[in-house]
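Chemist: I have a structure I would like to understand better, so I am pasting it below and will then ask my questions one at a time.
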Amino acid sequence: MAELDTSSGGGHKKGPGVKKGKKLSTRIDLTPMVDLGFLLITFFMFTTTLAKPKTMEINMPYKDEKLTDDQKNKLKASVAFTVLLSKNHRVYYYEGIGDDANKAPDLKVTGFKAKDGIRDAIIAKKKMVEGLKRSGALTAKDEMTVLIKPDTTSTYSDLVNMLDEMNINDVKVYAIIDISDVEQGFIKETEAASGVQ
Amino acid sequence: MPKAKLPRKSTNIDMTAMCDVAFLLLTFFMLATKFKPEEPVVVKTPSSISEIPLPDVDIMLLTVDEKGRIFFSIDNKLKRKALIDDVDAERQLGLSEAQKNAFALGGSVGISFSQLKSYLDLRPDEQAETGKSAAGIPVDTSVLSPNNELAQWVKSARNTNPKLRICIKADGDASYPNVKKIISTLEGWKIFKFNLITNLKAVPAGTAAYEAKNKVAASE
Numbered sequence: 014m015a016e017l018d019t020s021s022g023g024g025h026k027k028g029p030g031v032k033k034g035k036k037l038s039t040r041i042d043l044t045p046m047v048d049l050g051f052l053l054i055t056f057f058m059f060t061t062t063l064a065k066p067k068t069m070e071i072n073m074p075y076k077d078e079k080l081t082d083d084q085k086n087k088l089k090a091s092v093a094f095t096v097l098l099s100k101n102h103r104v105y106y107y108e109g110i111g112d113d114a115n116k117a118p119d120l121k122v123t124g125f126k127a128k129d130g131i132r133d134a135i136i137a138k139k140k141m142v143e144g145l146k147r148s149g150a151l152t153a154k155d156e157m158t159v160l161i162k163p164d165t166t167s168t169y170s171d172l173v174n175m176l177d178e179m180n181i182n183d184v185k186v187y188a189i190i191d192i193s194d195v196e197q198g199f200i201k202e203t204e205a206a207s208g209v210q
Numbered sequence: 209m210p211k212a213k214l215p216r217k218s219t220n221i222d223m224t225a226m227c228d229v230a231f232l233l234l235t236f237f238m239l240a241t242k243f244k245p246e247e248p249v250v251v252k253t254p255s256s257i258s259e260i261p262l263p264d265v266d267i268m269l270l271t272v273d274e275k276g277r278i279f280f281s282i283d284n285k286l287k288r289k290a291l292i293d294d295v296d297a298e299r300q301l302g303l304s305e306a307q308k309n310a311f312a313l314g315g316s317v318g319i320s321f322s323q324l325k326s327y328l329d330l331r332p333d334e335q336a337e338t339g340k341s342a343a344g345i346p347v348d349t350s351v352l353s354p355n356n357e358l359a360q361w362v363k364s365a366r367n368t369n370p371k372l373r374i375c376i377k378a379d380g381d382a383s384y385p386n387v388k389k390i391i392s393t394l395e396g397w398k399i400f401k402f403n404l405i406t407n408l409k410a411v412p413a414g415t416a417a418y419e420a421k422n423k424v425a426a427s428e
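Heads up: the sequence lines are chains A and B, in that order. Taking my numbering, the leading residue of the first sequence gets 14, the next gets one more, and so forth. Taking my numbering, the leading residue of the second sequence gets 209, the next gets one more, and so forth.
In structure tokens form, the structure reads like this:
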């Protein structure tokens, strides 16, 4: 093995006047070296970042002040699905755009949960849009569009969760839009009606 | 009956083999390691199913902590000098050459322009300490507002390196208006595509993404 054994001295005989040096074994105790090796391994294991962080790409809608209202694409109310993110990770949603201030949309409240959460609502809406496409009420170009409107009390994790739901449910068209005062009002009304703080 | 005599064996073990293994592993970790970049604040990023890895080079990292403080950094040490020259020229900060070099060697900054001069005079360890309690880079909803210092940083960084990819690493508990300010600043510079850094989580079963993923796996 790696150890050299020189104890069986095979060197030439020295003369009688030459003092024999005491033969030392060349066996070294490797234990401290192993200790050091493992210490360094531990250090590198803890400092290393083997898993690279993952990222999520988002594309914001192109904004240009010069664009007039006629040039903008109009969204059909039947494909639109509006999601309002509010405090305590609550999610309000309704179908349509909700631009009519006089007629409040039917706001439903849910959250990010596995069952009966926002995901089921999105899937249901998606099925409905598919059905409308098949029946010819919508053209093949129409896609379900989710409008994500985080309010001022929502957190960044709500936004990321919502964007993640878009990826999970394969919603191709979605946009992050500022919440309108009308919709803030809707949330307040719903909160007051259901008595949540 | 005579007792069976067990030969007494030495307790010395040959450590050579173990030593070999230890150093083999050590070499592996030393070569595979890439040190975690120094972070000014601890940020708990939310999870998503996205599997796009963070690019290696040309990243502009905007860190947002749970209180909404913004820290700015770019990865390329060589470009940092050009960046601070650009910022200095545009904002008339009057930084000395030594202060600029201190910036080039430093990490993330989360400090306003008015305090930047005195901040860069500190020793690196003091800088890290001050950085932790810094107020973050001031930001505003309008990109043209003079208070929007983040806009200046982003603009100068893109002047020095147009290939920069912008990554936002925000804490899950950061409130949306703080993140919104960054997004509107980026939109103000006509940047509509950027990355959000997230942790990886498993794709929930029975969803469209789950089926798409399994379909790819099955066809392979």
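Ideal Cβ placement from N, Cα and C applies to all residues, glycine included. Model, not experiment: these values are computed from the prediction.
Between the beta-carbon of B:ARG366 and the beta-carbon of B:LEU372, is there less than 7 Å?
Modeler: Taking 7 Å as the Cβ cut-off, B:ARG366 and B:LEU372 qualify as a contacting pair.
Chemist: Can the beta-carbon of B:LYS377 be found closer than 7 Å to that of B:ILE345?
Modeler: Not closer than 7 Å, so no.
Chemist: If you check the beta carbons only, do B:VAL351 and B:GLY318 fall under 7 Å apart?
Modeler: Cβ distance not < 7 Å, so B:VAL351 and B:GLY318 don't count as in contact.
Chemist: Using the Cα positions of B:VAL251 and B:THR271, report the straight-line distance between them to the nearest angstrom.
Modeler: Approximately 8 Å, taken between the alpha carbons.
Chemist: Suppose the cutoff is 8 Å on Cβ atoms and the five residues either side in sequence are ignored; what does the same chain contact list for A:ALA206 look like?
Modeler: Around A:ALA206: no qualifying Cβ.
Chemist: Which whole-angstrom value describes the C-beta separation of A:VAL159 and A:VAL195, a residue pair presumed to lie in contact below a C-beta threshold of 8 Å?
Modeler: About 18 Å; that fails the 8 Å criterion.
Chemist: Would you list the residues sitting across from A:GLU108 in a DSSP beta bridge?
Modeler: Per DSSP, A:PHE94.
Chemist: Taking the alpha carbon of B:GLU305 as the point to measure from, which residue in B:LEU269, B:THR393, B:LYS289 and B:LYS401 has its own alpha carbon closest?
Modeler: Nearest C-alpha to B:GLU305: B:LYS289.
Chemist: For B:GLU247, collect the residues of the same chain with a Cβ closer than 6 Å to its Cβ; drop the 5 residues on either side in sequence, then sort them by chain order.
Modeler: There are no such residues.
Chemist: Run through DSSP, which three-state label would B:LEU232 get?
Modeler: Three-state DSSP puts B:LEU232 in a helix.
Chemist: Could you tell me which residues DSSP pairs with A:ALA188 in its beta bridges?
Modeler: BP columns for A:ALA188 point to A:LEU160.
Chemist: Suppose contacts are defined by Cβ-Cβ distances below 7 Å. Is A:PHE199 in contact with A:LEU120 by that definition?
Modeler: The answer is yes: Cβ separation under 7 Å.
Chemist: Whose C-beta lies closer than 8 Å to the C-beta of B:LEU301 among residues of the same chain, with five residues either side of it excluded?
Modeler: Cβ within range, chain order: VAL295, PHE321, LEU324 and LYS325.
Chemist: Quick one: grab the DSSP three-state call for A:GLU70.
Modeler: DSSP places A:GLU70 in strand when its eight states are reduced to three.
Chemist: With distances taken Cα to Cα, identify the nearest neighbour of B:VAL265 among B:VAL347, B:LYS308 and B:CYS375.
Modeler: When each option's Cα is compared against that of B:VAL265, the closest is B:CYS375.
Chemist: Applying a beta-carbon distance threshold of less than 8 Å, which residues of chain B neighbour A:SER167?
Modeler: Simply SER383 and TYR384.
Chemist: Would you list the one or two residues that DSSP bridges to B:LEU404?
Modeler: Answer is A:MET69 and B:ILE376, bridged to B:LEU404.
Chemist: Just to confirm the assignment, what range does the beta strand (DSSP E) spanning B:LEU286 have?
Modeler: Run containing B:LEU286: none in the beta strand (DSSP E); it sits in the alpha helix (DSSP H), 285–299.
Chemist: Output, in sequence order along the chain, the residues in the stretch 251–264 of chain B whose CB is closer than 7 Å to any CB in chain A.
Modeler: Answer in chain order: PRO254, SER256, ILE257, SER258, GLU259, ILE260, PRO261 and LEU262.
Chemist: Nearest by alpha-carbon distance to A:GLU202: which of A:PHE56, A:ASN72, A:VAL122 and A:ASP42 is it?
Modeler: Comparing Cα positions, the closest option is A:VAL122.
Chemist: With DSSP run on the structure shown, which of helix, strand or coil describes B:MET268?
Modeler: The answer is strand: DSSP assigns B:MET268 an E or B state.
Chemist: Rounded to whole angstroms, what is the Cα-Cα separation between A:ALA127 and B:GLY315?
Modeler: Cα to Cα, A:ALA127 sits roughly 40 Å from B:GLY315.
Chemist: For A:THR166, which option in A:PHE57, A:ARG132, A:LEU97 and A:THR60 has the closest C-alpha, if you only look at C-alpha atoms?
Modeler: Nearest option by C-alpha distance: A:LEU97.
Chemist: Checking 7 Å against the spacing of the C-beta atoms, do B:GLU259 and B:ASP379 come in under that value?
Modeler: No. Outside cutoff.
Chemist: Quick check on B:PHE236: buried or exposed, where buried means 16 or more other Cβ atoms within 10 Å of its Cβ?
Modeler: It counts as exposed.
Chemist: Please tell me whether B:VAL387 has its Cβ less than 7 Å away from any Cβ of chain A.
Modeler: Answer yes: the Cβ-Cβ gap between B:VAL387 and chain A drops below 7 Å somewhere.
Chemist: I want to verify the contact list: residues of chain B whose CB lies under 8 Å from the CB of A:TYR75, in sequence order.
Modeler: Within 8 Å Cβ-Cβ: PHE400.
Chemist: Can you give the Cα-Cα distance for A:VAL47 and B:LEU232, rounded to whole angstroms?
Modeler: Their Cα atoms are separated by approximately 11 Å.
Chemist: Given a cut-off of 7 Å on the beta-carbon distance, is the pair A:LYS65 and B:PRO263 in contact?
Modeler: Going by C-beta atoms, A:LYS65 is not nearer than 7 Å to B:PRO263.
Chemist: Which word fits A:ASN162, buried or exposed, when buried means at least 16 other C-beta atoms lie within 10 angstroms of its C-beta?
Modeler: As written in the sequence, residue 162 of chain A is Lys, which differs from the Asn given in the question. Looking at its Cβ environment, which holds 16 or more other Cβ atoms inside 10 Å, A:LYS162 is buried.
Chemist: B:PHE429 by DSSP, collapsed to three states: which one?
Modeler: For chain B, the structure presents residues 209 to 428; residue 429 of chain B sits outside this window and is missing.
Chemist: Given this structure, state the Cα-to-Cα distance separating A:ASN72 from A:LEU53, to the nearest angstrom.
Modeler: Each residue's alpha carbon lies about 44 Å from the other.
Chemist: Whose Cβ in chain B lies nearer than 9 Å to the Cβ of A:VAL173?
Modeler: Simply THR253, PRO254, SER255, SER256, ALA378, GLY380, LEU404 and THR406.
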